[in-house]
Every structure is written in C-alpha cells, then in structure tokens.
Amino acid sequence: MCVLLITIKFLCELSSRVLTFWHHEGRERGTERTIYNYVRGKYLEPRSCYVSWDWKEPCEVGQSMGFRVHLFYRNGHPYPVGSTASLRVRITHTELALEVPVTLEVVQDPGRNVVKGAFTVRKSGRYQITISIGRLSVGHSPYYKVFQPGAVVPLKTQIVSHFSTLVLTCGEQHTLQIAPCDQYSNPSGDKLRDNENYTLTLSELGVVGIADGCCQFTVCNGSQHRVLLHLMLLQTGCFQATLRYQAQPISNGNFNIIVLTEGEKDAVDNNVSRSGVGVFFEGYLYPPSTSSVPGQRSSSPIPSDECELSPIGLSFEKAKKPKKVYFYISPKQLSVKEFYLRIIPWRLYTFRVCPGTKFLYLPPDPLHGLLSLQVDDGLQPPIEISCKERNVMAATFTRFLHLNIGGSETFQDKVLFFQKELRLLHCRKTRCKITLRVSRHSLLESVSMSRPPPILTLTATPAVTHAAPSLSQSVRATRNFSASDWTKNFEVVFQDEEALDWGGPRREWFELICKCLFDTSGQLFTRFSDTNQGLVHPNPNRPPGVRLKQYEFAGRIVGKCLFESSLGGGYQQLVRARFSRSFLAQIIGLRMHYKYFETDDPDFFQSKVLYLLSNDVSDTDLVFAEEKYGRGGQLEKVIELIPGGSQASVTNDNKLYYLNLLAQHRLCNQVRDEVEHFLKGLNELVPDNLLAIFDENELELLMCGTGHIAVQDFHAHAVIVGGSWHFREKVMHWFWAVVCSLTQEELARLLQFTTGSSQLPPGGFAALCPSFQIIGSPAHGTLPTAHTCFNQLCLPTYDSYEDMHKMLKLAISEGCEGFGML
Numbered sequence: 012m013c014v015l016l017i018t019i020k021f022l023c024e025l026s027s028r029v030l031t032f033w034h035h036e037g038r039e040r041g042t043e044r045t046i047y048n049y050v051r052g053k054y055l056e057p058r059s060c061y062v063s064w065d066w067k068e069p070c071e072v073g074q075s076m077g078f079r080v081h082l083f084y085r086n087g088h089p090y091p092v093g094s095t096a097s098l099r100v101r102i103t104h105t106e107l108a109l110e111v112p113v114t115l116e117v118v119q120d121p122g123r124n125v126v127k128g129a130f131t132v133r134k135s136g137r138y139q140i141t142i143s144i145g146r147l148s149v150g151h152s153p154y155y156k157v158f159q160p161g162a163v164v165p166l167k168t169q170i171v172s173h174f175s176t177l178v179l180t181c182g183e184q185h186t187l188q189i190a191p192c193d194q195y196s197n198p199s200g201d202k203l204r205d206n207e208n209y210t211l212t213l214s215e216l217g218v219v220g221i222a223d224g225c226c227q228f229t230v231c232n233g234s235q236h237r238v239l240l241h242l243m244l245l246q247t248g249c250f251q252a253t254l255r256y257q258a259q260p261i262s263n264g265n266f267n268i269i270v271l272t273e274g275e276k277d278a279v280d281n282n283v284s285r286s287g288v289g290v291f292f293e294g295y296l297y298p299p300s301t302s303s304v305p306g307q308r309s310s311s312p313i314p315s316d317e318c319e320l321s322p323i324g325l326s327f328e329k330a331k332k333p334k335k336v337y338f339y340i341s342p343k344q345l346s347v348k349e350f351y352l353r354i355i356p357w358r359l360y361t362f363r364v365c366p367g368t369k370f371l372y373l374p375p376d377p378l379h380g381l382l383s384l385q386v387d388d389g390l391q392p393p394i395e396i397s398c399k400e401r402n403v404m405a406a407t408f409t410r411f412l413h414l415n416i417g418g419s420e421t422f423q424d425k426v427l428f429f430q431k432e433l434r435l436l437h438c439r440k441t442r443c444k445i446t447l448r449v450s451r452h453s454l455l456e457s458v459s460m461s462r463p464p465p466i467l468t469l470t471a472t473p474a475v476t477h478a479a480p481s482l483s484q485s486v487r488a489t490r491n492f493s494a495s496d497w498t499k500n501f502e503v504v505f506q507d508e509e510a511l512d513w514g515g516p517r518r519e520w521f522e523l524i525c526k527c528l529f530d531t532s533g534q535l536f537t538r539f540s541d542t543n544q545g546l547v548h549p550n551p552n553r554p555p556g557v558r559l560k561q562y563e564f565a566g567r568i569v570g571k572c573l574f575e576s577s578l579g580g581g582y583q584q585l586v587r588a589r590f591s592r593s594f595l596a597q598i599i600g601l602r603m604h605y606k607y608f609e610t611d612d613p614d615f616f617q618s619k620v621l622y623l624l625s626n627d628v629s630d631t632d633l634v635f636a637e638e639k640y641g642r643g644g645q646l647e648k649v650i651e652l653i654p655g656g657s658q659a660s661v662t663n664d665n666k667l668y669y670l671n672l673l674a675q676h677r678l679c680n681q682v683r684d685e686v687e688h689f690l691k692g693l694n695e696l697v698p699d700n701l702l703a704i705f706d707e708n709e710l711e712l713l714m715c716g717t718g719h720i721a722v723q724d725f726h727a728h729a730v731i732v733g734g735s736w737h738f739r740e741k742v743m744h745w746f747w748a749v750v751c752s753l754t755q756e757e758l759a760r761l762l763q764f765t766t767g768s769s770q771l772p773p774g775g776f777a778a779l780c781p782s783f784q785i786i787g788s789p790a791h792g793t794l795p796t797a798h799t800c801f802n803q804l805c806l807p808t809y810d811s812y813e814d815m816h817k818m819l820k821l822a823i824s825e826g827c828e829g830f831g832m833l
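12 is the number of the first residue of the sequence shown in the working numbering; add one for each residue after it.
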C-alpha cells in the first residue's frame, strides 16, 4: 500500500512538471513539446549553458568587446540555434542606469550552438550583463564586469576653476588642480600615476627668455581624480604658461601669470579693498598705428597674418612724444583720462572690466623704458599704453575681473554667479502673482491680467499680414509695465483647458511667445539662408508695420526668461530660438568680424569671403562700397563702407580690412536700431555688465539651452518610478528602443510633451528640476499622459513593441501642446 502511494505521488509530480514544461516553457526552450523529449532531456536548458568572454580583465572603455553564449540541451548535447530571437542580452551601467546596445549573431560552426555578441562601452564603471532565454537566466547570469577609463587625452583634460590670468606673489607656492580625462570624458582614475608626463613651460611676455621658477606635480588622494600642480615663481613680471600632457597642450592649459613682489601684492590688495575709489596710475598713451585701425581686430584671437589689415590710404604715424595720461580703475571700468592745463580732466577711452577686455603684454617702450601693454575690448580700436606700475595695474584689473565673474572663468561657475547676482538685483521687488488668461488660438490677442492694464495681446501663430498689428497691440498693452511688473510671477491659464499652473502651462506659454517673436513668419527676425536650420537675425528689411517697440518687447521676454531661470527649480525658462552669432556678440558688446559670416551666412561665406581670402583680388575691381538691390533686382543705392569708399580699391594688402568693414555693415550697421531697442528691453531686467561675463557661445547656452537631445544623456538621467516586472523589464525596454528610433524633432516633441519645453537647460537632462521621471501607469494600452509641472511621463503597459511605438508617437505628435488630453 505504501509503495503504491509513493508511486502515485511520483507520477503526479512528474505529470505536473511535464504539463508545466508543455504549456509554459516548451516554446521558450525552443523544442517540440512532447513527453518523450522531456524524458530524454532533449530541450534547451539555460542552466546547462555557459558564457565565454573574448577579453581579459581589466579592460578599457572604447573597445569593441565580444562574448559567446554556448547553448546545450538538458542532456548535454549542443542545441542548434536557428535565430537569436529567444535570446535576451541586456548590458547596463549599475550606477548610471545606462543601457548599452548589443548585436547578436549565430556562429556558423558545426554545432551551430554558439551565439556571438558584441558591444562597446563609453562610460567607465561597473556593468551588469544579464543573459536569459525567456524568463530563465543563462549560466550564472547576471554577470558583472568593470571597464576602466582609457588613456588620458589632453583635449579632454582641464584645469579646475580655470583663470585666463593668475596673479601670484614671487616666492610663494600656488596650487592648481588638473582633472585628467580620457576621450569619453571619464575621470582617469588609476591613470593619475603617470604625472611625469605633465609639463609646464613658462615664457616672459614682451621679452625673449625662460622664466625662473619651479613646479611639481603630485597626485591628489581620495576619489577626486585630480593631479595637483604646485607652482612657485622666483621672478617678477608677466608670463605665459602652457600646461602639456605628453607634449600636447591640455584644453585650457594656456594662461597668463602676473608675478608681483610682496609690496606690489599689498598695493593690489589695497586697491581692491578701496573698491576703485581713487585708484589711478600715471603713464603714457601712444597714438594708434596701422595695426590698430578700427574694425581690424577680432574679439577673439586670430592668426598674426590677419592682423595686417592696413586700410587704403589711411595710416597713422607714431608720435615722437606720447601723451601723458592717467588710468583710473574701478570694479566696473578702466578709464584713460588726459588733463588739460593739469586741472581739467578729459576722458579719452573707457573699457569695461569684463572677460571681453583683453591685455596684450608688450616690451618696454623705447622712449621712456616703461613696461607697456595693449588694451582691446573688441569694440574700440586697441590702444597701446605704458606705465611704470603696469604689473600692479594689470593685477588690479584682473582681481576686479575675478570678483565680477564670481571667482572662476568656467561656464558653470559663471552661470551660478550670474543667477545669484540677478536674484540679488531684484530681491526687493515683490513676487506676487499676475494671472494671464490665454486663448491658445489667439494667444497674442487675448491675454488678460488680474491687474491693470486688463488686456495683454500676444500671438501664437502669427500670419505674415497680421503678426505686426497683433504684436503692436501687445506692445501697447505692456508699455506701462515697469521692471517690477516683469519680475512678478506669471500664472498662465489656458481657456477651455483643464490645467493648474504649477509650472507646465507657464513654460508652454513662454515657448509659444518665443515661437511667435523669433519665428521668421513674424518678420521681426529673419534668416540669411532659406533653410529652417538657419540662425535668426534682426530683420534689416522689416515692413513698416513692425515697429522698434516690438524689439523692446522681445528683449523683455528674453530678460524675463533669464530672470525666471535664476530662481531655479520649476521656474526655469528657455528662449526658443537659435540666434546668429553676430547678434549674440552685439548683445555682449563685441565688434563684428568677417568670421561671423561662416556661421550666420554660410552661403555668402563660401561664395565671397573664402574666395577673397584664397585668391588674388588685384583684378576684381572691388571697392570699399556695398551695392543694395531691391526685390526686383534693380540697384537702389551704393553704400560706402568708408568715406570715399566707392573710389578706393580693394587690394591684397587691405582685403581683410574690407571684409571686416563688410561684416560691420551687413551684420551690425543695418540692424543697429533694432539691436539697440532689443537691448533696451533686455537690460531693464538684466544689466549689460552681467551679460558681458559670457562669450557669444556661452550666452546662447545660457539663454537657449542645448538644442541637441542625446538619448544617452536621456537614458542616464531618467528616473523610473514604480511599475510591475512586466513594466520594468519589457515596457521600458520597448520604450528605450522607440526613443532610439526617434528623430531630433520627435525627441523635442517628447520633451515638450513631458516638461512643457522642447529644449533642455544648459546642463542637459541632469539639470532638469525636477528630474525627468517615467512612472508606471495602472492603465493598459492607452495613450501616455504627462504632468508637465513635475516633468513626469505616465506610461501605461502594452502587449507589444508595436503598440508602444504607435501610442507614444501618437501622443507626442497630437498632444505635445495643450492640457487635459486623455
């Protein structure tokens, strides 16, 4: 009886396992579901499989890595693989949640039981490699592999808290931190020990010779991944330093050093503590030479052969006796004054204390033997001066500059300083709410305020013939707004839409306003090329209905975005526009240069500028004048670039001067009034001295964020919240596959659908506040939804990749604007 019970129990258990194998696992194991196959072990057994790795650890990032999955039946015989469809391989960074693409192929060997995989990692760290067949893990999966950073790359290595000019004291040690990185910007980690490959060369500016000093490189302990440079100079003066790794300069390794005596250091400290009151130096001013003609020097360094921009028939001879002048330095400006009759001051030049003002250190002047330098701010002609206390004056200017930009010249540090100063500037103004009731279909005509004036008119999609009148009404409605009104908290309510403004509607309103103002259909701005990828520039041929007040309004909108962004968190706003580099340069006060044509008007640069630069122009009959043609092709007028320019020929000697004058005319003079009114509106909220701490590329990043959306950055910083096993393992896998297939326009729509804005802040997804969150929705098979105020994408579950792809694309194409869509 007992034997019978045991036999029955065994048969029941065997039947249960066979049924389980038959109904649930047979298809995943890739075999015919029969009891006979089960009994003789002819089915794929993942636990009998194993993985072999084609590399030896440790391994560096950037290399193509391979592995092989060996598949076997339960009875130990090789399992022939028909396709890789049933095999799942997932490789993720354990800290960054970054998934790495993998390619799989069947190895054509006699057994055909091997699947070869290949992948490449870019980020160093620890990775989890999960290999499964259906829901069953292969071998000892998951596996963990560590990939180390690659070799140090000079162009990716930087000095931390970089300054273009250092002020040091003779005989005192100063320490610089160097962050070595590989070509993928990974901190070098264990590669720090090769500090003997770092070298620092010093040369005195204005004279031929090598500086007397010593330096030592040591490794910083801990996890900071830093190399420390201990520098001590034993000679006073101005020097140029170049930091190299394996004889190659690092990315920001060129900088100047001013070395002072102990007494000079005390004098500089005293000057800075007095905030510029009564700080002046006596010296000499030399008249401009042929190398300092207005318009010939770029705001950025250019090759020496481009400095010979001698104008036609214009030359200045250096006076035998230079003017005796006084240099006054304050935290805001450097002024050059001359005194008539020794009592009447007359201001000759004024330069702002900002990164755009550059010093070029020169040899002592031959007349007085005093140290000299050239000052160039990119706006005025460079001037050459000499002063007995040149080093103290330059060091005082540099110390004021460091204070003005927050103590560091890196972009991230300047942004933090800019936002802090902007908050302090408006801290006494109230932040009460102003409600804007907006009709989406007539945005520029129906924005009402909860306080007088009652009507604010702005247009969302202006037609060419109606944009100007609508915008004119908008300007009239806001003309009585003070700076305090513009710093108030705008609360946006879209009519006939279910949405509370906790940040999302406000972001979308700014996006639509910027689209209206800066789209070329509004005729305030235009492009030099006909493509949609062209940069927008103030319209030099604006129609009569587009008034200058509208540029003031556009400037205030940009200023409002910058101020809101300074408050941080959900208040961050970006300007939806891609401005021309020459327009950005004018915002921060730089002079025009022909190189701006390369980015702003590439067709003109290729057809004319490059031709003139590369060819002999002696026989071209070019003159210093520009012909202006009407829409019908008829000549309207001839504009002389210099007095008598229509009679002055362009030669090989002055063609660079001609190109710079052409840039000044086409990019600046034609839109001078428009730019001035734009700046008038912008500077009501953001003073020009704060804008001047950035260059034109940094200013675009500050205002507009980054236009390119990197899927890798998206994947690394998206936060997954909740969800079942099916959601996390299947739906999210499908989601990232869909995201990888999206175009940049579709990615921008997905970003706008979730956050209310189609552009990222300067720091990318890492700078989004709150973080981009993907939340598992309890719904199934429906459209995704979003909470733009919290940057949350609510993703339902789906039965297949195709369903996910269809619903997500439908949501971002039809629902990227508006609220309350289900």
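The beta-carbon is built from N, C-alpha and C at its ideal position, and this holds for glycine as well.
Taking the continuous alpha helix (DSSP H) assigned at residue i, which residues delimit it?
i	result
Phe783	Neither: Phe783 is in no alpha helix (DSSP H) and is coded neither H nor E.
Lys276	Glu273 to Ser284
Arg538	Per DSSP, Arg538 belongs to no alpha helix (DSSP H); it is in the beta strand (DSSP E), Phe536 to Arg538.
Asp627	Note, Asp627: premise wrong, no alpha helix (DSSP H); not H, not E.
Ser75	First-last for Ser75: Ser75 to His81, but that is the beta strand (DSSP E), not the alpha helix (DSSP H).
Val722	Val722 to His728
Leu414	Arg401 to Asn415
Leu595	Arg592 to Ile598
For residue i, which of helix, strand or coil comes out of DSSP?
i	result
Asp612	coil
Tyr195	coil
Arg677	helix
Val171	coil
Leu16	helix
Thr766	helix
Ile144	strand
Ile653	coil
Thr247	coil
Just mark residue i as buried or exposed, buried being the case when its beta carbon has 16 or more other beta carbons within 10 Å.
i	result
Cys572	buried
Met815	buried
Tyr256	buried
Glu354	In the sequence as displayed, the identity of residue 354 is Ile instead of Glu. Classification for Ile354: exposed.
Ile19	exposed
Val732	exposed
Trp497	buried
Gln227	exposed
Gln583	buried
Asn193	Sequence inspection shows Asp at residue 193; the Asn mentioned does not correspond to that position. Burial call: buried.
Asp120	exposed
Gly643	exposed
Glu813	exposed
List the whole-angstrom C-beta distance separating residue i from residue j, where the pair is believed to meet the contact cut-off of C-beta under 8 Å.
i	j	result
Leu381	Tyr372	Leu381 to Tyr372, Cβ: 13 Å. No contact.
Taking the continuous beta strand (DSSP E) assigned at residue i, which residues delimit it?
i	result
Tyr295	Phe291 to Tyr297
Ile704	Unbroken run through Ile704: none, as it is neither H nor E.
Val426	Where Val426 is concerned, there is no enclosing beta strand (DSSP E), although the alpha helix (DSSP H) it sits in stretches over Phe422 to Leu436.
Asp541	Where Asp541 is concerned, there is no enclosing beta strand (DSSP E), given that its DSSP letter is neither H nor E.
Tyr154	Tyr154 to Gln159
Val100	Leu98 to His104
Val347	Gln344 to Tyr351
By alpha-carbon positions, which one of the options ends up nearest to residue i?
i	options	result
Phe266	Lys369, Ile340 and Thr272	Lys369
Phe764	Ala778, Thr186 and Phe783	Phe783
Glu420	Ile170, Val113 and Leu623	Ile170
Glu293	Arg363, Asn402 and Pro69	Asn402
Asn694	His737, Ala494, Pro551 and Leu646	Ala494
Ser172	Leu109, Pro69, Gly418 and Val279	Gly418
Thr407	Cys398, Gln423 and Ile340	Ile340
Leu436	Ser148, Asn700 and Thr537	Asn700
Arg602	Phe574, Asn680 and Lys444	Asn680
Gly787	Tyr809, Arg358 and Leu779	Tyr809
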